[in-house]
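Engineer:
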Amino acid sequence: MLEQISPLWNVYLKCKQNNNPLVLATLVKTIGSSYKKAGAMMLIEKDRSTHGLISGGCLEADVAEHAMAVFKTGQATSLTYDLSDVSIFGLGAGCDGSIEVVLQLIQGDYLPFSALNPLPNMAQETTLLINSVRNENNKIGDYYLMQGGQLTESVTGFYNTNKHDINCIHYTPPPLIAVCGSGIDVLPLLTVLNLLQWHVYIIDHRLQRFHQKPQSPLNPIIKVEMTELSAGLSSHPFNAAIIMNHNLGRDAAYLKYFAQSDVPWMGLLGPVKRRDKVLNKAGLTLAEINQKLCAPIGLDIGGHMPENIAISIAAQLQQYFYKT
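Taking my numbering, the leading residue of the sequence shown gets 931, the next gets one more, and so forth.
1) Please determine, among Asn1238, Met972, Asp1095 and Tyr1187, the residue with the shortest C-alpha to C-alpha distance to Val1031.
2) On the criterion of 16 or more Cβ atoms from any shown chain inside 10 Å, does Asn949 qualify as buried, or is it exposed?
3) In angstroms, rounded to a whole number, what distance separates the CA positions of Thr1091 and Val1063?
4) My parser needs the beta strand (DSSP E) runs of 3 or more residues fully inside the region 1131-1203; what are they?
5) Cβ of Ile1029 within 7 Å of Cβ of Leu957?
6) Under 6 Å Cβ to Cβ from Ala1188, same chain only, skipping five residues before and after it: list those, please.
7) With H, G and I counted as helix, E and B as strand and the rest as coil, what does DSSP make of Gly1020?
8) Compare the beta carbon distance of His1176 and Gly1113 with 7 Å and say whether it is the shorter of the two.
9) For Gln1194 and Met931, I'd like the C-alpha separation in whole angstroms.
10) Examine the Cβ distances between the region 1073-1081 and the region 968-986 and report whether three or more of them are shorter than 8 Å.
11) Report, in whole angstroms, the separation of the C-beta atoms of Leu1058 and Tyr1040, which I expect to be a contact under 8 Å.
12) Of all the beta strand (DSSP E) runs that stay within the bounds of the region 1038-1062, which reach a length of 3 or more residues?
13) Answer with buried or exposed for Thr1157, where buried requires no fewer than 16 other C-beta atoms within 10 angstroms of its C-beta.
14) Need the endpoints of the beta strand (DSSP E) that His1100 sits in, please.
15) Indicate the three-state DSSP secondary structure (helix, strand or coil) for Gln1248 in the structure shown.
16) Mind checking whether Leu1035 and Gly987 have CB atoms under 7 Å apart?
17) What is the DSSP secondary structure of Cys988, counted as helix, strand or coil?
18) Thinking C-alpha only, which one of Asn1097, Leu1247 and Gly1232 is nearest Cys1224?
19) List the whole-angstrom C-beta distance separating Val1130 from Val1109, where the pair is believed to meet the contact cut-off of C-beta under 8 Å.
20) Let me make sure I understand the geometry here. Which of Gly1071, Leu1075 and Gly1038 has the alpha-carbon closest to that of Glu1055?
21) Distance, Cα to Cα, Ile1231 vs Ser1164?
22) Which term fits Ala1006, buried or exposed, when burial requires 16 or more other beta carbons within 10 angstroms of its beta carbon?
23) According to DSSP, simplified to helix, strand and coil, what is Lys1069?
24) Identify every residue that forms a DSSP beta bridge with Lys959.
25) According to the neighbour-count rule (16 or more other Cβ atoms, all chains shown, within 10 Å of its Cβ), is Ile1096 buried or exposed?
26) Answer with buried or exposed for Leu1148, where buried requires no fewer than 16 other C-beta atoms within 10 angstroms of its C-beta.
27) Enumerate in chain order the residues of its own chain whose CB-to-CB distance from His1135 is below 7 Å, with the five nearest sequence positions on each side excluded.
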């Protein structure tokens, strides 16, 4: 879920550097059907510029108008939208649900948003609760964060009185993907996976080929010799590995390494006959790793260009990570 925060991160960093306040709009609760789910966030600047989505685009302008009062008073507020209202005064979104949004001014430490760092090596499991109902004990906008056993709360004691709240939002790091290879067909795959805001490590022993890759902080590079895969890769908890070297020996080495690792999903580029050659060279049988190997990689949706293949691989991974 932290991949939802990635498009907002540079906006936050720029505003923090310039000491500009922001209003954070957080979708804290949904009932019924809605375009976005609890945890979605939007940043609003004083000039009404908005960044991010809490709906399909039908609410953002109205939320920005409400944010102006938050800038003026400094007081957090909550908004409820009935997305099923088709009256002349309603939204007419047709989603047949309702959502609750909390708007709060963030500046100085920019919490709670600043704790949701989505970048590689920084993203971590986070539980967030933002209060949306004013009561005798708490104000709207009071919050707590739990990360790695460390508690941060805006008001002392807020966690103890609200830790079992069903509206807690749980953020998880983006999927961590190993792309083994640096051929020209890796470039469209990186482009698609970058659009999804996933963390994609490019792994190869030929450093000179890395200049072709898209420039993105989401694409760290690991240069590792084929004989040193365990030493170079074992410290990275990859969620998936994509093997696409176009070389039987190198593909076999990567396949053998990841087959013995904790990586739960592996994909190998190429047809079935090539897959069997790679397996044989790696000293593996399909039965041994069939539960976590997808080969040929990618959903069978047609197309022969590298861009078509990139989309089919990304679609298969999205299906794996998000289908419930």
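Don't be surprised by glycine CBs; every beta carbon is placed ideally from N, CA and C.
Structural biologist: In short, the structure shows the following:
1) Within the sequence shown, the letter at position 101 stands for residue 1031. Out of Asn1238, Met972, Asp1095 and Tyr1187, Met972 has the C-alpha closest to the C-alpha of Val1031.
2) Within the sequence shown, numbered from 1, the residue matching residue 949 stands at position 19. Exposed, because fewer than 16 other Cβ atoms sit within 10 Å of the Cβ of Asn949.
3) Position 161 of the sequence shown, counting from 1, holds the residue named residue 1091. Position 133 of the sequence shown, counting from 1, holds the residue named residue 1063. Thr1091 and Val1063 have their C-alpha atoms spaced approximately 14 Å apart.
4) Complete beta strand (DSSP E) runs here, min 3: 1151-1153, 1170-1173 and 1196-1198.
5) Against the sequence shown, residue 1029 aligns to sequence position 99. Against the sequence shown, residue 957 aligns to sequence position 27. Taking 7 Å as the cut-off, the beta carbon of Ile1029 is found closer than this to the beta carbon of Leu957.
6) Within the sequence shown, residue 1188 is the residue found at index 258, counting from 1. Correcting the residue type first, residue 1188 is Phe in the shown sequence and not Ala. Closer than 6 Å at the Cβ level, and outside the excluded window around Phe1188, lie Ala1171 and Met1196.
7) Your numbering for residue 1020 matches position 90 in the sequence shown. Caution applies to Gly1020, whose pLDDT of 49 falls short of 50 and renders its modelled position unreliable; the value that the coordinates give is listed next. Gly1020: coil per DSSP, three-state reduction.
8) Here residue 1176 refers to the residue found at position 246 of the sequence shown. Here residue 1113 refers to the residue found at position 183 of the sequence shown. It is a contact, given that the beta carbons lie within the stated cut-off.
9) Reading the sequence shown from its first residue, position 264 is the one you call residue 1194. Reading the sequence shown from its first residue, position 1 is the one you call residue 931. The amino acid at residue 1194 is misidentified as Gln; the sequence shows Pro. Cα to Cα, the separation comes out at about 19 Å.
10) In this structure the region 1073-1081 does not touch the region 968-986; the number of beta carbon pairs closer than 8 Å is below three.
11) In the sequence shown, residue 1058 corresponds to position 128, counting from 1. In the sequence shown, residue 1040 corresponds to position 110, counting from 1. Rounded, the Cβ-Cβ distance is 14 Å, inconsistent with contact.
12) 1056-1060, all fully within the region 1038-1062.
13) If you number the sequence shown from 1, residue 1157 lands on position 227. Thr1157 comes out exposed.
14) Numbered from its first residue, the sequence shown carries residue 1100 at position 170. First-last of the beta strand (DSSP E) with His1100: Ile1099 to Tyr1101.
15) For the purposes of this step, residue 1248 is taken as the residue at position 318 of the sequence shown. Helix.
16) As a first step, residue 1035 must be located in the sequence shown, where it is residue number 105. As a first step, residue 987 must be located in the sequence shown, where it is residue number 57. No, these two residues do not count as a Cβ contact at 7 Å.
17) Within the sequence shown, numbered from 1, the residue matching residue 988 stands at position 58. Coil.
18) In the sequence shown, the residue the question calls residue 1224 occupies position 294. Looking at Asn1097, Leu1247 and Gly1232, the one whose alpha-carbon comes closest to that of Cys1224 is Leu1247.
19) Start at 1 with the first residue of the sequence shown, and residue 1130 comes out as number 200. Start at 1 with the first residue of the sequence shown, and residue 1109 comes out as number 179. 6 Å between Cβ atoms; contact.
20) Numbered from 1 along the sequence shown, position 125 holds the residue referred to as residue 1055. Of the candidates Gly1071, Leu1075 and Gly1038, Leu1075 places its Cα closest to the Cα of Glu1055.
21) On the sequence shown, residue 1231 is found 301 positions in, with the first residue counted as 1. On the sequence shown, residue 1164 is found 234 positions in, with the first residue counted as 1. Their Cα atoms are separated by approximately 34 Å.
22) Along the sequence shown, read from residue 1 onward, the residue named residue 1006 stands at position 76. When all chains shown are included, Ala1006 counts as buried.
23) Within the sequence shown, residue 1069 is the residue found at index 139, counting from 1. In this structure, Lys1069 counts as coil in the three-state DSSP scheme.
24) If you number the sequence shown from 1, residue 959 lands on position 29. Answer by DSSP bridge pairing, in chain order: Glu1030.
25) Here residue 1096 is taken as the residue at index 166 of the sequence shown, counted from 1. So Ile1096 counts as exposed.
26) As a working mapping, residue 1148 is identified with position 218 in the sequence shown. Classification of Leu1148: buried, given that the 10 Å Cβ count is 16 or more.
27) Numbered from 1 along the sequence shown, position 205 holds the residue referred to as residue 1135. Counting only Cβ-Cβ distances below 7 Å, and skipping sequence neighbours, we find Lys1153, Val1154, Glu1155 and Met1156.
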